[in-house]
Amino acid sequence: MSEMWINMGPQHPMTHGLWNLRVKLDGEIVVDVDPEIGYLHRGIEKISEDRHYNEVITLMDRCCYVAGFSWEHLYILAAEEALHLAPPERAEYLRVLCDEFQRIGSHLMWYAAFVQDIGLMSPFLYGMRDRDLVLDLYQSYTGARMTYEYMRVGGVRNDLPPGFSAEARQVLDWLSRRFDEYDQLTLGSDIFRKRCDNLGILKANDCVAHGVTGPMLRSAGVKRDLRKDRPYSAYDRVEFDVAVADGADVTARYLVRLEEMRQAVRILRQVLDWLDKNPGPVMAEELPRWLGAPYAPIGREGYLLKRNFPKGVGFSAVEEPHGEAVAYVVNEGGEHPYRVKFRSPVFSNISAARKYLIGYHVADIPPIMGSVDICIGEVDR
Amino acid sequence: MQPDDLSRHLAPILGDRLIAVEPFPETAGRVRFRREGALDLFRAMRDDLGFRHFSTVAGIDWVDHREAVYVLWSDDAKQYVLLSVDLPAGDPRIESASGIWPSANWHEREAWEMVDLNFDHHPDLRHLLMPDGYTFHPLLRSFKLHEPEELEVKARHV
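Line order of the protein sequences matches chains A and B. Residues in the first sequence are numbered from 107 upward in steps of one, following the numbering used here. Residues in the second sequence are numbered from 6 upward in steps of one, following the numbering used here.
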């Protein structure tokens, strides 16, 4: 049979976002793929050059719409290094709190969407139900469920509301009982095992060569997690294990993400304990007013107060729910960053598609691409 | 790994193509080199020093010249390293790293279309985020926001 190119996307249930996977088929077998991205390119790096340091945070939430906190954190770390600022300790713990709740929220979103790709409908509903509890928690201290704008250069915007800790612990207790239930629904299902085992295999060597990071890399047995290897914020002060699996297939990626959620619950309990015992400021005190607490200026008046920080370059890397994200911020004085550069983990994970799709059937593409956990917002930026 | 370790290892390989190894907070250092030494440096970083993960390449337009900053990670040292090279604005070409790290492929495509860095011997240098036929380089300082641009977008696959 002759080979032909087929477009899967930009509108296709498999894509989970606006992108196009061009696949070359020989009958039912995939012989070549060419991912095509850029449909959601908003030029966030360019817009940032025209924005106040704190205004870039607004863009970061739009960068990845399921992991906004992680991207805020990434940018904030680089910006603080470029501007020679340091946050108070309580703000660092609050950022870890945000990051880990975000990891649970993002993985639950992935779980819901992924199992639906496989053809299991009820786990989708359970995943979305439990994610809503996490969103309620975000809402209680940031006022938003998706675009938080919570972190600030030099700290975070506000402290937790009274009663937050008890509420959060209730949610954690509920969640930690649910994870086993998820496993029963998926690993206990023959449909799931038949559609996921030994699919989309990407071995450790290929992962490293093609820049694949995050749960995909750890599912191949490589124990790389920036929270452990290069701790930022308060990650060196909490105990947790790095989730790894050795199957390197779709099921292994599922196992890694589920274990990461369990570990996130473990981290969150420690962080909540610390936050209960250690009240304090959440914003660096020496900040000039226009960058400072409690609310950063939003209108043009923020620009009137020019204050030149000494020049500097900031570099940061965080373990985002999808993998390794890197930011590079150049401060040339003045009120805008001179240049910001972001490295998205999903960008590299998609670029390796040739390695984990060729040779499989067309019907295997949805589970394989589902296991990559794609967020097009951060790929295109 | 410290900047001294890097320069001790790289100086014999690169000679005067190595400008300096500067300390950079929370990384193994920042290696400044001349573009003629690109391939030798990349090979040494991957094979001898263990930086097997190519994280990204950032292009920066300094108006009078351009800069490419490579970010690499080593699983053994558990450290990042930055490689920085200055390229003349009139002829911003450098050897592609995608033969050494396949992951550089897409990152270089992005740097090419955004900051107009030309990567020699890149296997597949075509538009990634922008449509085919797009002639601007949006992340150059000369590209101003809020100005209408004239653009005829071609269909990609006809």
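Cβ coordinates follow ideal geometry from the N, Cα and C atoms, glycine included.
Bridge partners of V262 (chain A) according to DSSP: A:M257.
Among the CB atoms of chain B, one or more fall inside 8 Å of the CB of R445 (chain A). By the rule that beta-carbons nearer than 8 Å mark a contact, D335 (chain A) touches chain B. Here DSSP, grouped into helix, strand and coil, assigns N123 (chain B) to strand.
The beta-carbon of K417 (chain A) is placed no less than 8 Å from the nearest beta-carbon of chain B. W111 (chain A) counts as exposed, since fewer than 16 other beta carbons sit within 10 angstroms of its beta carbon. Spanning the alpha carbons of K417 (chain A) and H112 (chain B) requires a straight line of approximately 27 Å. Each of A:P385, A:G353, A:V348, A:V362 was checked against the Cα of I373 (chain A), and the nearest Cα belongs to A:V348. Straight-line measurement puts the Cα of L200 (chain A) at about 10 Å from the Cα of R263 (chain A). Between the C-alpha atoms of G225 (chain A) and P141 (chain A) there is a straight-line separation of about 24 Å.
Taking the Cα positions, I456 (chain A) is about 19 Å away from C302 (chain A). Per DSSP, the unbroken alpha helix (DSSP H) holding M166 (chain A) starts and ends at 162-169.
Contact check for S176 (chain A) and A431 (chain A): beta-carbon distance about 7 Å, within the 8 Å limit, so the pair qualifies.
Note on R13 (chain B): under 16 other CB atoms within 10 angstroms of its CB, so exposed under the neighbour-count rule. Per the Cβ contact rule, the region 54-61 of chain B is in contact with the region 80-95 of chain B (3 or more Cβ pairs under 8 Å). Exposed is the label assigned to T140 (chain B), since fewer than 16 other Cβ atoms lie within 10 Å of its Cβ.
Chain A has a Cβ within less than 8 Å of the Cβ of I65 (chain B). For D137 (chain B), not one C-beta of chain A is nearer than 8 Å to its own C-beta. At least one CB of chain A lies nearer than 8 Å to the CB of F59 (chain B). Under DSSP, F421 (chain A) forms a beta bridge with A:Y434.
Between the alpha carbons of L144 (chain B) and V277 (chain A) lies a gap of roughly 44 Å.
Look at A33 (chain B) here: in three-state DSSP terms it is coil, with no helix or strand label. Of the candidates B:E41, B:P8, B:D121, B:G20, the residue whose Cα lies closest to the Cα of E31 (chain B) is B:P8. Within chain B, the residues placing a beta-carbon under 7 Å from that of E187 (chain A) are P30, ordered along the chain. Here the region 423-438 of chain A does not lie against the region 132-151 of chain A, with fewer than 3 beta-carbon pairs under 8 Å apart.
Residue range 110-114 is occupied by the beta strand (DSSP E) that includes M110 (chain A). Between G269 (chain A) and V240 (chain A) a beta carbon distance of about 17 Å is seen, past the 8 Å cut, so the two are scored as non-contacting. Using a Cβ-Cβ cut-off of 8 Å, E206 (chain A) does not count as an interface residue toward chain B, since no Cβ of chain B sits closer than that to its own. Interface annotation, W117 (chain B): not in contact with chain A, CB-CB separation never under 8 Å.
The criterion of a C-beta distance shorter than 8 Å is not satisfied by R251 (chain A) and M215 (chain A). Take the alpha-carbon of A116 (chain B) and the one of R368 (chain A): they are about 38 Å apart. For L92 (chain B), the CB contacts under 8 Å within the same chain, skipping 5 residues up- and downstream, are R40, H70, R71, E72, A73, R98, I99, L122 in chain order.
Taking 8 Å as the CB threshold, F346 (chain A) stays off the interface with chain B. If the five residues before and after F298 (chain A) are omitted, its C-beta is found closer than 7 Å to the C-beta atoms of I224, L226, T292, all from its own chain and listed in chain order.
With distances taken between CA atoms, D286 (chain A) lies nearest to A:E365 out of A:E365, A:G327, A:V436. The beta carbon of L88 (chain B) is closer than 6 Å to those of V36, Y75 in its chain, skipping five residues each way along the sequence.
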